[in-house]
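Chemist: Take a look at the following structure, please.
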Amino acid sequence: MIRLEPRATPSMAMSILSPVIALAITAAAGAALFTALGKDPGQALSVFFLEPFNGVRAISELALKSTPLVLIALGLALCYRSNVWNIGAEGQFLMGAIGGGGLALWVTTAEIGMSRWLFFPLVILAGAMAGAAWAGVVALLRDRFNANEILVSLMLVYVANLFLSWLVFGPWKDPQGYNFPQTVSFAANTELPRVIRGMRLHWGTAVALVAAVVMWLFMFRTFTGIQLQVGGPAPAAARYAGFSSRAAIWTTLLVSGGLSGVAGAFEVAGPMGQLTPHVSAGYGFTAIIVAFVGRLHPLGCILGSVVLSMFLIGGELAQSRIGLPSALAGVFQGVLLLSLLACDTLIHYRPRWSRGS
Amino acid sequence: MTERLPLKHLALAALVVATGLTACSKKAEPAPATVAAPAAPAKPAPLKAAFVYVGPVGDAGYTYAHDLGRKEAAAKLGDKVETTFVEKVAEGPDAERVIRDLATQGNKIIFATSFGFGDSMVKVAKDFPDVHFEHATGFKTSENMRVYEPRIHEVAYFAGIVAGRMTKTNTLGFVGSFPIPEVLRNIDAFTLGAQSVNPKVKTRVVWVGSWFDPPKETEAAQALLNKGADVLLQNTDSTAVLQAAEKAGKYAFGWDSDMSAFAPKAHLGSCVLLWGVYYEKALNDVLDKTWKTGATKWGYREGMTDFIKIPDFVPADAKKKVEEVKAGLKAGTFEIFKAPVVDNTGKVRLRKGEVASDKWLGDVNFYVKGVEGKVPSGK
Chain L
-6 MIRLEPRATP SMAMSILSPV IALAITAAAG AALFTALGKD PGQALSVFFL EPFNGVRAIS
54 ELALKSTPLV LIALGLALCY RSNVWNIGAE GQFLMGAIGG GGLALWVTTA EIGMSRWLFF
114 PLVILAGAMA GAAWAGVVAL LRDRFNANEI LVSLMLVYVA NLFLSWLVFG PWKDPQGYNF
174 PQTVSFAANT ELPRVIRGMR LHWGTAVALV AAVVMWLFMF RTFTGIQLQV GGPAPAAARY
234 AGFSSRAAIW TTLLVSGGLS GVAGAFEVAG PMGQLTPHVS AGYGFTAIIV AFVGRLHPLG
294 CILGSVVLSM FLIGGELAQS RIGLPSALAG VFQGVLLLSL LACDTLIHYR PRWSRGS
Chain B
14 MTERLPLKHL ALAALVVATG LTACSKKAEP APATVAAPAA PAKPAPLKAA FVYVGPVGDA
74 GYTYAHDLGR KEAAAKLGDK VETTFVEKVA EGPDAERVIR DLATQGNKII FATSFGFGDS
134 MVKVAKDFPD VHFEHATGFK TSENMRVYEP RIHEVAYFAG IVAGRMTKTN TLGFVGSFPI
194 PEVLRNIDAF TLGAQSVNPK VKTRVVWVGS WFDPPKETEA AQALLNKGAD VLLQNTDSTA
254 VLQAAEKAGK YAFGWDSDMS AFAPKAHLGS CVLLWGVYYE KALNDVLDKT WKTGATKWGY
314 REGMTDFIKI PDFVPADAKK KVEEVKAGLK AGTFEIFKAP VVDNTGKVRL RKGEVASDKW
374 LGDVNFYVKG VEGKVPSGK
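Which chain is which? The protein sequence lines are L and B, in order.
Once you know that position 200 of the first sequence is 193 in the numbering used here, the rest is easy, because the numbers rise by one and skip nothing.
Once you know that position 212 of the second sequence is 225 in the numbering used here, the rest is easy, because the numbers rise by one and skip nothing.
Below, the structure is given as structure tokens:
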């Protein structure tokens, strides 16, 4: 019989080891699963774990896929640490995409000549403002009317989605596009500057990495950052200490919305180059998983994004390389998340073997 | 005692990690070697063909129909071709990565089966001049990229004939995905088909804004049933509408693939897409080196669409009418959009003497007379 015994202090060793154990369990479970399906388990695992890193292009694609996840997860980590449950990052992402896309569309149709490097900060600003404004609605309703931010932020996802659809089906529709719901392709000077010629990876990825470092400094090295994290889980104590919980709501939601918005703008001005109804592949929701896999730590968010992207890309590769069904990639991903959560128990609990009945 | 136990745990964990890692690294080198070398050296290597699907293959609907087509073509061409597919690819930046990867993997012909893959395919096609790209339901072509689509509104017309005969309330319902020309053509053809046997018929439309969303499709179907519609057709991919009709004791149709098994009482026939004929042709074009860019629009006549499994309880006169139209389409003597075509605001959209050209069909952005409501954001 194994019993779990609370540890006096969280185990340092376990907090490092737990993801490693989780990965090992996932690999073992995956191997069993692949064998049961009649596939070579070694080959299948290598498609998931090695192939996404095989070569410069593969790594650049992995980084590209991770970029929106990192940006969104950073903001969500801040929210969740402060006990503000923003689950509508998807909507803020879409509004950012609309903001950035709208700017790109304007530059395209008005034929404004400007360099990519000048457009780059402008599109960041447009995305951040649009995303922050959308999250600001949540903050306002929570602050003014004490409306539940979980519900409000989630509902606003659908509103954002419909707003995007309305734009691409209506006023922003490409007049030459046979009534299909999409804008014109944006002009070349609105494309985010690329890191490597001929590849899709853009400098927005660097922005995401810088944002992670800044977020780390903000969370752990500034007074406001500490204040937010104390004030969130214990509002009474925070009030006693003179911290404002209102400020916490506004700060976290605006930062989170802004970051999600930038992610959306990057997606549109980066790999897409136009607005369609399918801007997001569910990044706003996947990032919630990323934030928790990354233990709500900025650097963990980067790792979490890479792991999740690896699984998403690996799932595609497993289909074309060895004919595994796409649902299996989902199962495999689920095993990882489950074992991660299970292994995290070891940080706060010590397993004890008790003899006898 | 307590000291030793975590150690034991760690050792176990380390073991698992080690075995996991060796399992990975051992197989690292032969990973890209899935391109199995053909046994007989005399035989040419098979043509590698890849398919990109928007949905999961599943057991009914649009992607399922594509996969049936892939299998059929592959079976006919035997060891001359080797096909793979990637399912559930999102329409957006992911598609470009998938298509590019398939091109680098040595596939010489790639089929992207959804409209939203078009611009991604255009970008990849530029970089792989020796690979043939095929885009379903799109309109952008280039030297090495062409488009193909079925004239599915023909089968919507067949469904309309049966629906017009079976309705008791003279109200038909249509669950639409997106108000693009393809879908509007289906709504219009469905209504025209029904009016050909029952001039009193009206069609109501509910939009769900998605190609595949069973809960929303169910809700939309229910809303139509509540408003008095008793025969439903849908332009979405799941069996939800058919099953909602079955539950309510009303009628509906299968769409894209044979769905008769999902609703034995409600099913009045299935509008099916038979992509196999085209896939076989396209693969042969590459094999024979006769592949040329262009746009293919095939319908019942070419065997790319059909209306099947009309149940016995449908009156014989309706079945006869379907057969007549089928014969007319085959002979090229029957036009579904025959002038004059009048929209539901009274405007004449196709004057006497004009024919519904591919261009005209591609621009359909109105409801014909008999459809209620307004096309969303139809300007």
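We put the beta carbon where it would ideally sit given N, CA and C, even for glycine.
What would DSSP say about G186 (chain B), mapped onto helix, strand or coil?
Modeler: Looking up residue 186 (chain B) in the second sequence gives position 173. It is a strand residue.
Chemist: The region 259 to 276 of chain L: which residues have C-beta closer than 9 Å to a C-beta of chain B, in chain order?
Modeler: E260, G263, P264, M265, G266, Q267, T269, P270, H271, V272, S273, A274 and G275
Chemist: With the cut-off set at 8 Å, would you say P69 (chain B) and K101 (chain B) are in Cβ contact?
Modeler: Taking the second sequence and counting its residues from 1, one reaches residue 69 (chain B) at position 56. Taking the second sequence and counting its residues from 1, one reaches residue 101 (chain B) at position 88. Cβ atoms of P69 (chain B) and K101 (chain B): closer than 8 Å.
Chemist: Alpha carbon to alpha carbon, how far is S8 (chain L) from D337 (chain L)? Give it in angstroms, no decimals.
Modeler: If you number the first sequence from 1, residue 337 (chain L) lands on position 344. If you number the first sequence from 1, residue 8 (chain L) lands on position 15. One C-alpha to the other measures close to 7 Å.
Chemist: Going along chain L in order, which residues have a C-beta closer than 9 Å to the C-beta of Q235 (chain B)?
Modeler: Taking the first residue of the second sequence as 1, we reach residue 235 (chain B) at position 222. Here the premise fails: no neighbours, minimum Cβ distance about 19 Å.
Chemist: So, at 7 Å on beta carbons, what are the nonlocal neighbours of Q326 (chain L) in its own chain, with the 5 sequence-adjacent residues on each side left out?
Modeler: On the first sequence, residue 326 (chain L) is found 333 positions in, with the first residue counted as 1. Excluding sequence neighbours, Q326 (chain L) sits near F304.
Chemist: Would T13 (chain B) pass as an interface residue toward chain L - the criterion being a Cβ-Cβ separation below 8 Å?
Modeler: What the structure shows of chain B is the stretch from 14 to 392, and residue 13 (chain B) is not part of that stretch, so it cannot be assessed.
Chemist: Any beta-carbon of chain B closer than 8 Å to the one on Q370 (chain L)?
Modeler: The shown model of chain L, from -6 to 350, leaves out residue 370 (chain L), and the question about it has no answer.
Chemist: How big is the Cα-Cα spacing for S237 (chain L) and N79 (chain L)?
Modeler: As a first step, residue 237 (chain L) is located in the first sequence; it is residue number 244 there, counting from the start. As a first step, residue 79 (chain L) is located in the first sequence; it is residue number 86 there, counting from the start. Cα-Cα distance, rounded: 19 Å.
Chemist: Between which two residues does the beta strand (DSSP E) carrying K61 (chain B) extend?
Modeler: Taking the second sequence and counting its residues from 1, one reaches residue 61 (chain B) at position 48. Per DSSP, K61 (chain B) belongs to the beta strand (DSSP E) from L60 to V65.
Chemist: Spell out whether any CB of chain L is found under 8 Å from the CB atom of N378 (chain B).
Modeler: Here residue 378 (chain B) corresponds to residue number 365 of the second sequence, with the count starting at 1. Yes, its Cβ sits closer than 8 Å to a Cβ of chain L.
Chemist: Which value, in whole angstroms, describes the spacing of the CA atoms of Y276 (chain L) and E83 (chain L)?
Modeler: The residue given as residue 276 (chain L) occupies position 283 in the first sequence. The residue given as residue 83 (chain L) occupies position 90 in the first sequence. One C-alpha to the other measures close to 7 Å.
Chemist: What does G316 (chain L) reach in chain B if we use C-beta pairs closer than 8 Å?
Modeler: Position 323 of the first sequence holds residue 316 (chain L). Ordered by position in chain B, the residues that pass the 8 Å Cβ test against G316 (chain L) are T97.
Chemist: Taking the alpha carbon of V188 (chain L) as the reference point, which residue from L:V177, L:I52 and L:V40 has its own alpha carbon closest?
Modeler: In the first sequence, the residue the question calls residue 188 (chain L) occupies position 195. With distances taken between Cα atoms, V188 (chain L) lies closest to L:I52.
Chemist: Helix or strand or just coil, what does DSSP make of M158 (chain B)?
Modeler: Residue mapping note: residue 158 (chain B) aligns to position 145 of the second sequence, counting from 1. If DSSP states are grouped into helix, strand and coil, M158 (chain B) belongs with the strands.
Chemist: Is there a C-beta anywhere in chain L that falls below 8 Å from the one on P19 (chain B)?
Modeler: Looking up residue 19 (chain B) in the second sequence gives position 6. Only weak support is given to the placement of P19 (chain B): the predicted model assigns it a pLDDT of 42, under 50, and the question is left unresolved by the model.
Chemist: Residues in the same chain with beta-carbon distance under 7 Å from K58 (chain L), minus the five sequence neighbours each way, listed in chain order, please.
Modeler: Within the first sequence, numbered from 1, the residue matching residue 58 (chain L) stands at position 65. For K58 (chain L), where only same-chain residues beyond five positions count, the Cβ hits under 7 Å are S302, L305 and I306.
Chemist: How would you label R17 (chain B), buried or exposed, when you count the other beta carbons within 10 angstroms and need 16 or more for buried?
Modeler: As a position in the second sequence, residue 17 (chain B) is number 4, starting the count at 1. Residue placement at R17 (chain B) is poorly supported in this model, since its pLDDT is 40, which falls under 50; the coordinates still yield a value, given next. Classification for R17 (chain B): exposed.
Chemist: Could you work out which residue in B:D201, B:N248, B:W268 and B:D243 is closest to E259 (chain B) when comparing CA atoms only?
Modeler: Mapped onto the second sequence, residue 259 (chain B) falls at position 246. Of B:D201, B:N248, B:W268 and B:D243, the residue nearest in Cα terms is B:D243.
Chemist: Here's the rule I'm using: 16 or more other beta-carbon atoms within 10 Å means buried, otherwise exposed. How should V207 (chain L) be labelled?
Modeler: As a first step, residue 207 (chain L) must be located in the first sequence, where it is residue number 214. V207 (chain L) comes out exposed.
Chemist: Determine the chain C residues that contact S313 (chain L) at a beta-carbon separation under 7 Å, and present them in chain order.
Modeler: The question asks about chain C, but that chain is absent: this structure's protein chains are L and B.
Chemist: Kindly indicate which three-state DSSP category S38 (chain B) falls into: helix, strand or coil?
Modeler: Residue numbering aside, residue 38 (chain B) sits at position 25 when the second sequence is read from its first letter. The predicted position of S38 (chain B) is uncertain, since its pLDDT is 41 and thus under 50; a value taken from the coordinates is nonetheless stated next. In the structure shown, S38 (chain B) sits in a helix (DSSP, three-state: H, G or I).
Chemist: Could you compute how far the alpha carbon of H166 (chain B) sits from the alpha carbon of I18 (chain L)?
Modeler: Along the second sequence, one-based indexing puts residue 166 (chain B) at 153. Along the first sequence, one-based indexing puts residue 18 (chain L) at 25. One C-alpha to the other measures close to 51 Å.
Chemist: Can you tell me whether I(-5) (chain L) is buried or exposed? The criterion is at least 16 other CB atoms within 10 Å of its CB, across all chains shown.
Modeler: Taking the first sequence and counting its residues from 1, one reaches residue -5 (chain L) at position 2. When all chains shown are included, I(-5) (chain L) counts as exposed.
Chemist: Alpha carbon to alpha carbon, what distance is there between T184 (chain B) and G345 (chain B)?
Modeler: Reading the second sequence from its first residue, position 332 is the one you call residue 345 (chain B). Reading the second sequence from its first residue, position 171 is the one you call residue 184 (chain B). Each residue's Cα considered, the two are about 31 Å apart.
Chemist: From what residue to what residue does the alpha helix (DSSP H) around Q36 (chain L) run?
Modeler: Residue mapping note: residue 36 (chain L) aligns to position 43 of the first sequence, counting from 1. Here the alpha helix (DSSP H) through Q36 (chain L) covers P34 to F42.
Chemist: So which residues of chain L does D250 (chain B) contact, with C-beta pairs closer than 8 Å?
Modeler: Walking along the second sequence from the start, residue 250 (chain B) turns up at place 237. Chain-order list of chain L residues neighbouring D250 (chain B): empty, with the shortest C-beta distance near 15 Å, by a criterion of under 8 Å.
Chemist: State the beta-bridge partners of T216 (chain B) as determined by DSSP.
Modeler: As a working note, residue 216 (chain B) is residue 203 in the second sequence. DSSP lists B:L185 and B:V384 as partners of T216 (chain B).
Chemist: Who are the near neighbours of P3 (chain L) in its chain, counting only those whose CB is closer than 7 Å to its CB and skipping five residues on each side?
Modeler: As a first step, residue 3 (chain L) must be located in the first sequence, where it is residue number 10. The residues are I340 and H341.
Chemist: Relative to the alpha-carbon of C164 (chain B), which residue among B:V381, B:G386, B:K387 and B:G375 has its alpha-carbon at the smallest distance?
Modeler: For the purposes of this step, residue 164 (chain B) is taken as the residue at position 151 of the second sequence. Cys is not the amino acid found at residue 164 (chain B); the sequence shown has Arg there. The option with the nearest alpha carbon to R164 (chain B) is B:G375.
Chemist: What runs of the beta strand (DSSP E), each 3 residues or longer, lie entirely inside the region 99 to 136 of chain L?
Modeler: Qualifying beta strand (DSSP E) stretches: none in this window.
Chemist: At the 8 Å Cβ level, is E104 (chain L) part of the contact set with chain B, yes or no?
Modeler: Walking along the first sequence from the start, residue 104 (chain L) turns up at place 111. Taking Cβ atoms only, chain B never reaches closer than 8 Å to E104 (chain L), which makes this a no.
Chemist: So for E83 (chain L), helix, strand or coil by DSSP?
Modeler: Position 90 of the first sequence, counted from the start, is the residue given in the question as residue 83 (chain L). In this structure, E83 (chain L) counts as helix in the three-state DSSP scheme.
Chemist: Would the beta-carbon of N172 (chain L) fall within 8 Å of that of S108 (chain L)?
Modeler: By one-based count along the first sequence, residue 172 (chain L) stands at place 179. By one-based count along the first sequence, residue 108 (chain L) stands at place 115. No; because the gap between Cβ atoms is not below 8 Å, this pair is not in contact.
Chemist: Grab me the residues of F152 (chain B)'s own chain with a C-beta within less than 7 Å of its C-beta, minus the 5 sequence neighbours each way, in chain order.
Modeler: To locate residue 152 (chain B), count along the second sequence from 1; it is residue 139. Correct list, in chain order: V160.
Chemist: Per DSSP, which residues does C284 (chain B) bridge with? Please list them.
Modeler: In the second sequence, the residue the question calls residue 284 (chain B) occupies position 271. Looking at the DSSP assignment, C284 (chain B) forms a beta bridge with B:W268 and B:F320.
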